[in-house]
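Just below is one structure, and these are the notes that go with it.
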Amino acid sequence: MIVLLFIMSAVHAELASAHLHKLTTASIAFSQKLYKRVAATEPNIVYSPYSIHSALTMMLLGARGDTAAELRKTLRVTSFGRSLHPTYSELISEINSVTEVELKTADAIFVNPYFLVAPHFIQDTYFYYKALTVNIELQATGGPEKQVNDFIAGKTRNIIQDVLSPGSIDSNTAMILINTIYFNGTWEQTFNEGRTELDDFNKLDGTLRKNAV
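For the sequence shown, the positions run -18 to -1, 1 to 195 when mature numbering (1 follows the signal peptide of the UniProt record, and there is no 0) is used.
Given below as structure tokens:
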């Protein structure tokens, strides 16, 4: 999502932390490579690079060995050492403190109740990322997906709903990582409806729509 890259850049411009500068640079580099991969097979897509980068970085709190090494390399954070998670915590705090627009993020980890999670992982993900760790209600009325969908809808003022369709979660689902972003702002120059006009519109399927705005 190009808009979010500009938001991160704007936030970064107000920050003095050298670690934050390095983190936003790493996140943008990761985002550019991810976009090239995704766009190669799905040219028409909207996604949040920040959501993916922050969620995977959060998983480093529990990763070890080759898994941790691959994550660090992919996320471009191999040079951070112990400063990585405190720096992300600082970035999250800055993003959620923006006053010019309404910008809020939220994280959650939904875990299979039969999947044991180390207590320190639950504590650390909340401490650095304010992520809530919640057991998936596999037998919930309306299906286990409702629990996740309700969290997402609640954090996005009901703008994003029903992300998970029925049957998406079963007993083999170990963990679901969720990151939400809510943005509400106004255009610097508002849309002037009086400057529009009707004209023919060529659709992607080759057909012509007459008198479209």
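Where is the CB? At the ideal position from N, CA and C, for every residue including glycine. In this text, all values refer to a predicted model and were calculated from it rather than measured experimentally.
- Between I134 and V116, the C-beta gap is not smaller than 7 angstroms, which leaves the two residues out of contact.
- One alpha carbon belongs to T81, the other to A45, and they sit about 35 angstroms apart.
- L2 sits close to L73, with the two beta carbons spaced by under 7 angstroms.
- The beta carbon of V20 sits closer than 8 angstroms to the beta carbons of I27, Y29 from its chain, once the five residues preceding and following it are set aside; these are given in chain order.
- Here K86 is bridged, per DSSP, to Y164.
- In summary, E127 is buried, with 16 or more beta-carbon neighbours lying within 10 Å of its beta-carbon over all protein chains present.
- Residue nearest to S65 within the set L85, Y110, I91, R139 is Y110 (criterion: CA-CA distance).
- By the criterion of a C-beta distance shorter than 7 angstroms, A122 is surrounded in its chain by K128, Q129, once the five residues flanking it on both sides are discounted.
- Under the 10 Å beta carbon count, P25 is surrounded by fewer than 16 other beta carbons and is classified as exposed.
- With contacts defined by Cβ atoms closer than 7 angstroms, T69 and L5 form a contacting pair.
- The C-alpha of P31 is placed about 26 angstroms away from the C-alpha of G149.
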